[in-house]
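Each remark here refers to the structure printed beneath this line.
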Amino acid sequence: MKCEHCEKPATVHVTHVANGKVVKSHLCEECAAKHGVVQTMGSLADTLLGPASPALSARTLACPSCGLSLRKFQKEGRLGCSECYEVFSREIQGVLSSLHEATGHIGRVPKRHHHDPGPDVLLARLREQLSDAVRSEAFEEAARLRDEIRELARQTEPEEAGTT
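So for the sequence shown, my numbering puts the first residue at 1129; every next one is plus one.
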């Protein structure tokens, strides 16, 4: 999308409601500054993790592969390499689980990528369904799901070595 005032890419998107009408503006950073539009939202990492706390500032957490620090990640909102996900996993996991109530994908898969989900994925889906059933007080369904979870867990447990 291009800026409404010049041909540069629009990076600032503003939505106003005036007299019951929704008005959307798409501007580049320079035109937004010229027209007095202020971006109040920082980077995604800043939004999710918040500003660096003194406890995090005291730690010098950095990726050994690319050298990205937690503070720089919070400032820029981008990870430097694939190892950053592992290095900053503890900081990211808490935020993701509070936003999504889960840290792994247990949703639907496009048909072209369909494959048999592993037992861990099936168990996660059943546990989510069980939680929903309990919340909605569908206790018969919850009992059925509980039994299905127990059976699947029993089938997937590693067999005891050396037992007869």
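The beta carbon of each residue, even a glycine, is placed where N, CA and C say it ideally should be. Fair warning: this is a prediction, and the values are worked out from it, not measured in the lab.
- Inclusion of S1197 and C1209 in the CB contact set at 8 angstroms is not warranted, their separation being larger than that value.
- Around the C-beta of F1201, 16 or more other C-beta atoms lie within 10 Å, and the residue is accordingly described as buried.
- In the DSSP assignment, the residues bridged to T1143 are K1152.
- Just measuring C-alpha positions, the residue of K1162, R1272, Q1257, D1248 sitting nearest A1281 is D1248.
- When DSSP states are grouped into helix, strand and coil, K1130 belongs to the strand group.
- Annotation: C1191 to F1216 spans about 8 angstroms, alpha carbon to alpha carbon.
- Partner residues in the beta bridge of P1137, as assigned by DSSP, are K1130.
- Under the three-state reduction of DSSP output, A1161 falls in the helix class.
- A check of alpha carbon separations from K1162 across G1205, K1203, V1140 identifies V1140 as the nearest.
- Listed in chain order, the non-local C-beta contacts of V1151 below 7 angstroms within the same chain comprise H1144, local neighbours out to five positions each way being set aside.
- Here C1156 is buried: its Cβ has 16 or more other Cβ atoms, across all protein chains shown, within 10 Å.
- Linking D1260 to E1279 through their CA atoms gives a straight-line distance of about 19 angstroms.
- By DSSP's assignment, S1217 forms no beta bridge with any residue.
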